[in-house]
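>
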Amino acid sequence: MKVLIVEDERSMALEIFMFLEKAFYLVDLAHTAKQGRQRMEDNQYDFILLDLGLPDDDGLSVLKEAKRICPGASYIILTARGDLEDRIRGLDLGADDYLPKPFSLLELQSRMQAILRRKSGLNDSIVPLGDFAIDLNKRVVIYENGEIELSRREFDLLSYLLLHKNRPLTRLQLSEHIWGNFSDDDYDSNYIDVHIKNIRKKLTAYAPVEWLQTIRGIGYKIKI
Ligand code: CA
C-alpha cells in the first residue's frame, strides 16, 4: 500500500512517515507542492495525505491537480484546526476525509482503513473468504479458531487483492504497490508468482482457496 505525505512541517511529516512505515505501508515524503507533484507523476499511490498549508502553492489547487494526476488514490487533507472553509472546499474537491491538526496517528490509521473498507465495499475489518477469514487490522488469516501465519509480503499481497476484490490485478500493479518502484531491469514478475504459490500452499493445507484466481496473461484476483 503506497502512501505519499505532502507536508512542509518536517518533524510532523517524519513522525507520520515512521508510524506508517511501521504499520507496513510504503511511504514517500514531499515537503513542497512542487515535490509532491513530481512524486505523483512518477508513482501510483493508494493514499495521499495532503497538508493544505504548503509554502509554494495553495493546498486546494494542489488537491485539484493531484486528483487529476493520481485519480486512483484516496485523499486525506491535513488542516490547521479552525479552517472550516478549507475543509469543506477540500471535501467538495473530492478529498475522502480530513484531519484537523494536531491529530493522533492511530486515528489517522483508522481513518485510512475506514476509507479502504468503504471503497472496497467491505463492512468490517474481518472479511470472510471461503473457509477462512482475513483480519485486516490484526493482519492475520483465521481458520476455524486458529491463526495461520503468513509472511509480511504474503499478507500484503493477499490484503491488497482483497481490497480490490473481483478485479484482476497485474503482476506489475501488485509489485508496485507492495514492493515499491522497480526499474524495468529489476522487475521480475516471478516475485509475485512465488508469493502466490506460497500463500496457496500454506492455506490449502487447511481448506481450498478457489477464491484466489490466476487470470491468464494478466495476473491475479480474489473473487468473492
Ligand atoms: Ca503546513
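FYI, the numbering for the sequence shown is 7 to 230, going by the numbering used here. Glycine is no exception: its CB is placed at the ideal position from the N, C-alpha and C atoms. All figures in this text were calculated on a predicted structure; none of them were measured in a lab.
Which runs of the beta strand (DSSP E) spanning at least 3 residues fall entirely within the region 89-150, listed in chain order?
Runs found: 103-107, 132-135, 138-141 and 146-149.
> For ligand 1, any of its heavy atoms closer than 8 Å to the Cβ of E71?
To locate residue 71, count along the sequence shown from 1; it is residue 65. No, the beta carbon of E71 sits no closer than 8 Å to any heavy atom of ligand 1.
> May I ask you to list the residues that DSSP assigns as paired with G59?
Position 53 of the sequence shown, counting from 1, holds the residue named residue 59. BP columns for G59 point to D64.
> Who are the near neighbours of R93 in its chain, counting only those whose CB is closer than 6 Å to its CB and skipping five residues on each side?
Within the sequence shown, residue 93 is the residue found at index 87, counting from 1. Closer than 6 Å at the Cβ level, and outside the excluded window around R93, lie T85 and Y104.
> Determine the DSSP secondary structure at A19, reduced to helix, strand or coil.
Within the sequence shown, residue 19 is the residue found at index 13, counting from 1. If DSSP states are grouped into helix, strand and coil, A19 belongs with the helices.
> Counting beta carbon pairs with one atom in the region 130-141 and one in the region 20-36, are three or more of them shorter than 8 Å?
No: the two stretches stay apart, fewer than three of their Cβ pairs being nearer than 8 Å.
> State buried or exposed for K125, treating a residue as buried only when at least 16 other CB atoms are found within 10 Å of its CB.
By 1-based counting over the sequence shown, the position of residue 125 is 119. So K125 ends up on the exposed side.
> For S80, which of helix, strand or coil comes out of DSSP?
For this step, residue 80 is matched to residue 74 along the sequence shown. Three-state result, S80: strand.
> Taking the alpha-carbon positions, what's the E15 to L56 distance?
Here the question's residue 15 lines up with position 9 in the sequence shown. Here the question's residue 56 lines up with position 50 in the sequence shown. Going by the C-alpha atoms only, they are around 12 Å apart.
> In angstroms with no decimal places, state the Cα-to-Cα distance between Q219 and V200.
Your numbering for residue 219 matches position 213 in the sequence shown. Your numbering for residue 200 matches position 194 in the sequence shown. Distance between the alpha carbons of Q219 and V200: 14 Å.
> Tell me whether E216 counts as near ligand 1, meaning its Cβ is closer than 8 Å to at least one heavy atom of that ligand.
Within the sequence shown, residue 216 is the residue found at index 210, counting from 1. Answer for E216: no, Cβ out of range of ligand 1.
> Quick check: does the Cβ of D57 come within less than 8 Å of any heavy atom belonging to ligand 1?
On the sequence shown, residue 57 is found 51 positions in, with the first residue counted as 1. The answer is yes for D57.
> Under 8 Å, with one C-beta from each stretch per pair, do the region 110-130 and the region 147-164 reach the 3-pair mark?
Touching, no.
> Does the distance from the CB of L169 to the CB of I184 come in under 9 Å?
Working through the sequence shown from its first residue, we reach residue 169 at position 163. Working through the sequence shown from its first residue, we reach residue 184 at position 178. Cβ distance not < 9 Å, so L169 and I184 don't count as in contact.
> Quick one: is S80 buried, meaning 16 or more other Cβ sit within 10 Å of its Cβ, or exposed?
Residue mapping note: residue 80 aligns to position 74 of the sequence shown, counting from 1. S80 is buried by the Cβ-count criterion.
> Let me make sure I understand the geometry here. Which of V215, T176, Q50 and L180 has the alpha-carbon closest to that of G223?
The count along the sequence shown starts at 1 and reaches residue 223 at position 217. For G223, the nearest C-alpha among the options comes from T176.
> Per DSSP, F25 forms a beta bridge with which residues?
Residue numbering aside, residue 25 sits at position 19 when the sequence shown is read from its first letter. Answer is none; F25 lacks a bridge partner.
> Please report the distance separating the alpha-carbon of G225 from that of N172.
Sequence index remark: in the sequence shown, residue 225 carries index 219 (1-based). Sequence index remark: in the sequence shown, residue 172 carries index 166 (1-based). Going by the C-alpha atoms only, they are around 12 Å apart.
> Just verifying my parser: in three-state terms, what is the DSSP assignment at Y31?
Here residue 31 is taken as the residue at index 25 of the sequence shown, counted from 1. Three-state result, Y31: coil.
> From which residue to which residue does the beta strand (DSSP E) around K1 run?
A question about residue 1 goes unanswered here, because the residues of the chain that appear run from 7 up to 230.
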